[in-house]
Amino acid sequence: ISMQAKQKSLLKRVDALDEEREELQRQLEEKEEQAELSQQQRLILNLQKEKQTLQTRVEELEKHVAELMEHVQALRERERLLVAFPELNNWAHIQPQSTGNLILDMEQQQQSNNIRIKILEQENFTLHKSLEKLRQRGMLNITKSVKSFPQTNSGVRGHTKAAGPKYTSLQQTDGACDINILAHLRGSLNAALDAVW
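Note that full-length UniProt numbering has the sequence shown beginning at 1, numbered continuously upward.
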């Protein structure tokens with residue numbers, strides 16, 4: 001009887017230890033999950049901080065780039081004005097200092113000339129586009145205005161060999177008509193330019 005009691009006691013002890021082991025295993029798994037979750041949360045937090053830092057840096061760089069672009073645009077405009085109007089540059093009347101090296105001086109002069117040529121080509125391109133717009137939009141209105149304007153007396157120009165006060169009077173009248181036509185054309189051209197711009 002004593003042996004059976006001891007066996008039962010040992011079996012109960014084994015069962016209790018097994019249950020305790022399972023409980024400890026469960027707690028260990030929970031702790032591992034919590035630790036992994038905490039690590040992931042810390043990683044996410046660090047990534048968010050890095051993202052915010054990078055975003056701030058990108059915004060600063062974009063702002064800096066925008067400022068540089070404005071500065072470049074201002075320099076281009078200044079360069080264009082100095083080429084178009086050399087009198088604005090006080091250095092235009094001063095001879096450039098020589099470096100003592102003829103080849104280097106010539107290369108620098110060539111670079112300056114290339115810059116001027118480039119700017120003048122851009123100006124010509126802009127003028128070409130403006131002229132195209134004027135021809136497309138303005139010339140039609142000018143042509144209509146000229147056609148609707150009263151024509152001068154062709155007989156007056158036909159008597160070029162005539163002499164005397166009568167011819168002089170007619171010639172003056174014809175000249176006045178020409179002036180009127182030019183004034184009318186000038187007004188039509190200004191109207192066309194206003195329409196284009």
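Glycine included, C-beta positions come from ideal geometry on N, C-alpha and C.
Beta-carbon proximity list for residue i, same chain, < 6 Å, skipping 5 on both sides
| i | result |
| --- | --- |
| R26 | none |
| R116 | V83 |
| K12 | none |
Cα-Cα separation between residue i and residue j, rounded to whole angstroms
| i | j | result |
| --- | --- | --- |
| M106 | K49 | 56 Å |
| R137 | T53 | 54 Å |
| L17 | Q7 | 15 Å |
| A66 | E30 | 53 Å |
| E132 | F125 | 11 Å |
| S112 | T56 | 41 Å |
| L45 | L127 | 58 Å |
| L61 | L24 | 55 Å |
| M69 | E59 | 15 Å |
| E33 | D15 | 27 Å |
| L120 | K51 | 47 Å |
| L28 | E20 | 12 Å |
| Q73 | G100 | 34 Å |
| L47 | H71 | 36 Å |
| N114 | H64 | 29 Å |
Close beta carbons around residue i, own chain, < 8 Å, minus the five adjacent residues each side
| i | result |
| --- | --- |
| R76 | none |
| S9 | none |
Own chain residues within Cβ distance below 7 Å of residue i, not counting five before or after
| i | result |
| --- | --- |
| S98 | D105 |
Of the residues the options, the one placed nearest residue i, counting alpha carbons only
| i | options | result |
| --- | --- | --- |
| Q122 | Q110, E79, Q108, G100 | E79 |
Practice task
Check whether the region 30 to 47 touches the region 74 to 84, taking contact to mean three or more Cβ pairs, one atom from each stretch, closer than 8 Å.
Solution key: Look at the beta carbons and you see the region 30 to 47 not touching the region 74 to 84: under three pairs across the two are nearer than 8 Å.
Handout entry: Segments of 4+ residues assigned as alpha helix (DSSP H) that fall wholly inside the region 31 to 111
Key = None, since the region 31 to 111 contains no complete alpha helix (DSSP H) of that length.
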